[in-house]
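Enquirer: All the letters of the sequence shown, read from the start, carry residue numbers 1 to 696 under the numbering used here. My questions all concern the structure below.
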Amino acid sequence: MSFPRSKRQLLAWLALLAPLPLPFNEALEWWVLLVYSLLVVHLLQRLEGDRYRPLPDWVLNLLGLAYLPLLVVDLERGVRSSSFLDPLLHLLLFVLVVKLYALRQEREKWHVLIAVFFVFAGGMATSSHVSILLYLVAFVALGTVALLRLAHFHVLATFGRETSSPAAGLPVRTPVAWSTVLVVLLAIPLFALMPRFRDPFVFGQGGPNAVRRAGFSDSVDLSSTSSIRGNRAVVMRLTFDGPPPTELRFKAATYDVYRERRWIRRPRLAVPVTPWSNQEFVFAGGRRRATAEVQLEPLRSASLALPLETLSVRGLNVPALLRDPGGAYLLPMPPREALHYRLELGDEPVIRAADPDDPRRSALDESGLTPRIRALAREVMGEGPDGERIDRLERHLLREYAYTLDFVGRGGSDPLEAFLFDNRRGHCELFASAMVLMLRAEGIPARLVAGFLDAERTAFQGYYIVRQDNAHAWVEAYAPERGWRAYDPTPPEGRPHAAEWSLRLMATQLYDFLIFRWDRYVLSFGADDQADVFDSVRAFLSRSWQRLLAWLPRDRPAPAPPAAAGEPLESPPPAASRPARAPWPLLLLAPLIALLASLGWWWRRRRPPTATAAYRRLRRLLSSAGHRLTDALAPRAVENLAASRYPAAAPAVHQLVGLYLEESFGERPLHDGERRRLREALAAVADAVSQPRRRH
């Protein structure tokens with residue numbers, strides 16, 4: 001295959017790999033990637049069959065004019081969505097494909113490589129999943145292979161070669177493997193040292209206000225629902241310092257108005273809550289039971305899911321929070337990234353009403369009540385204190401109704417009547433909604449609460465995971481003798497609970513552990529983390545230095561002057577004996593260095609000599625003798641220089657350079673006899689070059 005065809009193939013493979021992550025990040029449409037990939041694959045087929053013909057200039061001009069109106073439409077869409085990533089990527093891919101089909105001159109390959117790099121940068125910048133590391137390693141390996149091949153083709157062309165075998169006589173596996181490993185190892189400290197920025201530079205579709213969805217929603221519609229049970233995506237991770245609450249129940253939103261089969265939240269009535277001077281939001285007083293470090297993934301709302309026992313929150317970095325009429329808290333805006341904050345938890349649930357002096361203000365709305373529901377509430381709850389009547393209703397729903405995830409009772413005109421009187425089965429939203437309306441029918445303030453119930457303890461580092469299928473709905477009701485209290489009328493078999501141990505659960509937790517560490521130490525690695533790393537390194541170096549000083553011998557103190565006549569001799573106080581602590585890191589480092597040096601020496605002795613290494617040794621010998629050799633000096637020119645300056649070594653130099661050309665450009669390895677002659681020739685050249693120095 002000719003060198004130009006081989007170069008075009010390498011460029012086409014790079015162009016085919018570069019945009020692969022973009023559709024997964026919602027930064028590029030799938031159909032665009034499909035059309036682009038088909039065009040590149042078609043180009044590869046034409047190159048394989050030697051049917052490639054560059055596009056003429058008039059076709060390029062026509063394609064540019066045809067794309068111009070598409071670019072205008074793309075830019076208009078970008079203005080409306082406040083994101084110009086789509087038009088930029090579309091333009092890059094268009095230019096890249098056209099350039100691949102129109103390659104004529106040698107220098108044009110750099111235009112393609114630059115376009116490929118920008119597409120690759122877009123794929124990396126819009127990716128947040130840990131699997132992007134596989135793409136990065138694959139692209140680095142393929143890019144290294146391509147650059148090595150291109151350089152090799154260029155060298156062969158200088159010797160008049162125009163065609164080559166597929167391998168082109170260049171062993172690439174070892175250098176590519178080692179270079180990829182070195183790039184990864186170098187990237188780790190560079191990543192830790194590079195300046196940190198809070199927000200990414202490039203966003204996917206939807207612009208910087210796009211929100212990742214985690215299954216939780218602000219709306220509760222009894223006529224239709226999107227079941228999230230069985231969805232194992234992570235919503236929250238918690239690490240407790242102290243005993244966690246007996247029941248982990250996270251309150252995210254409250255609803256007090258029921259209209260046309262839908263519960264309505266009223267954030268406009270929310271009360272602002274400002275932090276104290278130390279950026280701590282204090283919700284209630286009381287004895288602290290435990291603290292919790294929380295990582296909350298973005299929900300599709302501004303709700304801040306908090307355990308019922310929360311006393312205070314620290315670390316949110318927001319100017320204020322909002323408390324809705326039911327005591328749930330909201331962020332100023334839906335977050336784009338995971339939130340990290342610290343909670344202080346008390347012994348008892350903390351449930352705040354919007355107005356403690358008038359708890360009936362919004363929790364007695366009777367919308368949605370029908371005569372049948374009123375009659376059933378009166379029959380079930382009976383007479384007595386409000387607290388006892390609430391308990392009777394809760395027990396009735398727990399015993400007389402069954403849990404199901406089927407869409408039962410949701411299609412009629414009144415899903416609550418269908419649930420209570422016809423189907424007698426449903427899920428948590430129906431149970432909680434029925435209890436709220438029946439309590440209000442009897443004059444007891446109540447509201448619907450949505451959030452998450454229970455958490456899954458992991459086997460890795462012991463933190464807790466709240467998943468999407470932990471989403472749940474329950475009731476908060478007010479009794480004068482009890483105040484506001486949480487009630488859960490959903491049967492136990494219908495409530496979220498931690499999954500039983502299994503190999504699948506272990507694999508899921510291991511995957512989540514990796515994702516958690518990726519999120520924590522890569523995606524959210526910031527300036528504070530950099531400061532912690534530098535402090536840890538400084539502390540380690542300081543401890544090592546102190547141990548070294550303690551291990552080194554110290555000067556003995558000078559003897560005390562003799563006592564004057566008549567003065568009693570005082571024995572000096574015993575010196576505090578402290579055993580010298582050897583600097584173990586340094587003591588262990590010395591044999592490690594010796595071992596590595598021995599392995600290197602053994603490897604160099606064991607490795608068969610190559611003509612390339614011998615030729616490099618020849619150039620170093622000539623340079624050390626005072627001869628200036630440029631990188632562009634051809635091997636035969638080096639041979640002529642050495643033969644003219646050292647005639648005695650001319651046969652050896654001729655043999656060495658010939659073996660080098662055979663090995664490098666003859667596409668065959670040296671056999672044992674040639675390696676033996678190579679050693680002899682190199683020794684003869686080294687002896688001839690060193691002789692003038694000895695005579696001098």
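In this text, a Cβ means the ideal position worked out from N, Cα and C, and glycines have one as well.
Buried or exposed, going by whether 16 or more other CB atoms sit within 10 Å of the CB of Gly49?
Expert: When all chains shown are included, Gly49 counts as exposed.
Enquirer: Determine, using beta-carbon pairs with one atom in the segment 120-130 and one in the segment 18-27, whether at least three such pairs fall under 8 Å.
Expert: Segments in contact, yes.
Enquirer: When you compare only the Cα positions, how much space is there between Arg619 and Ser542?
Expert: Going from the Cα of Arg619 to the Cα of Ser542 covers about 45 Å.
Enquirer: When we look at the beta-carbon of Gly526 and count the other beta-carbons within 10 Å, is it buried (16 or more) or exposed?
Expert: Exposed, because fewer than 16 other Cβ atoms sit within 10 Å of the Cβ of Gly526.
Enquirer: With Leu343 and Thr291 assumed to form a contact (beta carbons below 8 Å), what rounded beta-carbon distance in angstroms separates them?
Expert: Confirmed, about 7 Å.
Enquirer: Since Ala253 is in the beta strand (DSSP E), which residue starts that stretch and which ends it?
Expert: That run of the beta strand (DSSP E) goes 249-255.
Enquirer: With the cut-off set at 8 Å, would you say Thr702 and Glu293 are in Cβ contact?
Expert: Residue 702 is absent from the structure shown; the chain starts at 1 and stops at 696.
Enquirer: Are the segment 438-458 and the segment 251-263 touching by the rule of at least three beta carbon pairs closer than 8 Å?
Expert: The segment 438-458, when compared against the segment 251-263, does touch it at the 8 Å Cβ threshold.
Enquirer: Under the three-state reduction of DSSP, which class applies to Leu96: helix, strand or coil?
Expert: Helix.
Enquirer: Whose CA, out of Pro332, Gly286, Pro298, lies closest to the CA of Ala312?
Expert: The amino acid occupying residue 312 in the given sequence is Ser; Ala does not appear at that position. Out of Pro332, Gly286, Pro298, Gly286 has the C-alpha closest to the C-alpha of Ser312.
Enquirer: Among the residues of its own chain, which have a CB less than 7 Å from the CB of Arg578, if the five just before and after it don't count?
Expert: With a pLDDT of 46 at Arg578, under the threshold of 50, the predicted position of this residue should be treated as unreliable, and no value is reported.
Enquirer: Quick one: residues in its chain with C-beta nearer than 7 Å to the C-beta of Asp454, no 5 flanking neighbours on either side, listed in chain order?
Expert: So the list reads Leu248, Asn470, Pro496, His497, Ala498, once near-sequence residues are dropped.
Enquirer: Ignore the nearest five residues each way along the sequence and tell me which others in Ala459's own chain have a CB closer than 7 Å to its CB.
Expert: Only Met506, Gln509 meet the Cβ criterion.
Enquirer: Can you tell me the Cβ-Cβ gap for Ala12 and Leu43, rounded? I've got them flagged as a contact below 8 Å.
Expert: About 5 Å; that satisfies the 8 Å criterion.
Enquirer: Kindly confirm or deny that the segment 426-441 and the segment 331-349 touch, where touching means at least three C-beta pairs closer than 8 Å.
Expert: No: fewer than three Cβ pairs fall under 8 Å.
Enquirer: For Met236, list the residues DSSP reports as bridge partners.
Expert: Bridge partners of Met236: Leu296, Val466.
Enquirer: Cβ of Glu76 versus every heavy atom of the ligand MN: is any distance shorter than 7 Å?
Expert: This structure does not include the ligand MN; it has no bound ligands of any sort.
Enquirer: Hey, quick one: how far does the alpha helix (DSSP H) through Ile114 stretch, first residue to last?
Expert: That run of the alpha helix (DSSP H) goes 108-125.
Enquirer: Quick check on Gly451: does DSSP put it in helix, strand or coil?
Expert: Reduced to three states, the DSSP call for Gly451 is strand.
Enquirer: Using three-state DSSP, classify Met312 as helix, strand or coil.
Expert: For clarity, residue 312 is Ser in the given sequence; the question names Met instead. Three-state DSSP puts Ser312 in a strand.
Enquirer: Within the same chain, show all residues whose beta-carbon is closer than 6 Å to that of Ala18, passing over the 5 residues directly before and after it, in chain order.
Expert: Around Ala18: Val116, Val119, Phe120.
Enquirer: Taking only beta-carbon positions, decide if Gly327 is within less than 8 Å of chain B.
Expert: Going by chain labels, chain B is absent from the structure shown, which holds only one protein chain.
Enquirer: Quick check: what's the CA-CA separation for Phe191 versus Leu592?
Expert: Phe191 and Leu592: Cα-Cα distance of roughly 28 Å.
Enquirer: So, using beta-carbon positions, are Gly368 and Glu481 closer together than 8 Å?
Expert: It is not a contact, given that the beta carbons lie outside the stated cut-off.
Enquirer: Can you tell me whether Ser598 is buried or exposed, with buried defined as 16 or more other CB within 10 angstroms of its CB?
Expert: So Ser598 ends up on the exposed side.
Enquirer: By how many angstroms is the C-alpha of Leu523 removed from the C-alpha of Val380?
Expert: Those two C-alpha atoms are separated by around 54 Å.
Enquirer: If I'm right that Arg389 touches Glu442 with Cβ under 8 Å, what's the distance once you round it to whole angstroms?
Expert: 7 Å between Cβ atoms; contact.
Enquirer: Quick one: what's got a C-beta closer than 7 Å to Ile132's C-beta in the same chain, skipping five residues either side?
Expert: Closer than 7 Å at Cβ, skipping near neighbours: Pro21, Met124.
Enquirer: Applying the 10 Å Cβ sphere with the 16-neighbour rule, what's the burial state of Ala214?
Expert: With a pLDDT of only 39 at Ala214, under 50, the local geometry of the prediction cannot be trusted, and the value read off the model is given with reservation. So Ala214 counts as buried.
Enquirer: Which one or two residues does DSSP pair with Tyr329 in a beta bridge?
Expert: Tyr329 is bridged to Leu304, Arg323.
Enquirer: Kindly list the residues whose CB is nearer than 8 Å to the CB of His654, restricted to its own chain and excluding five residues on each side of it in sequence; keep chain order.
Expert: The answer, listed in chain order, is Glu639, Ala643.
Enquirer: Here's the rule I'm using: 16 or more other beta-carbon atoms within 10 Å means buried, otherwise exposed. How should Val271 be labelled?
Expert: So Val271 ends up on the exposed side.
Enquirer: What distance in whole Å lies between the Cβ atoms of Pro267 and Leu316, which are believed to be in contact at a cut-off of 8 Å?
Expert: Wrong, their Cβ atoms sit about 18 Å apart, outside the cutoff.
Enquirer: According to DSSP, is Asp57 helix, strand or coil?
Expert: Looking at Asp57 - three-state DSSP - the assignment turns out to be helix.
Enquirer: Cα separation between Arg265 and Val40?
Expert: Looking at the two C-alpha atoms, the distance is approximately 52 Å.
Enquirer: Please classify Ser623 as buried or exposed, where buried requires at least 16 other C-beta atoms within 10 Å of its C-beta.
Expert: Label assigned to Ser623: exposed.
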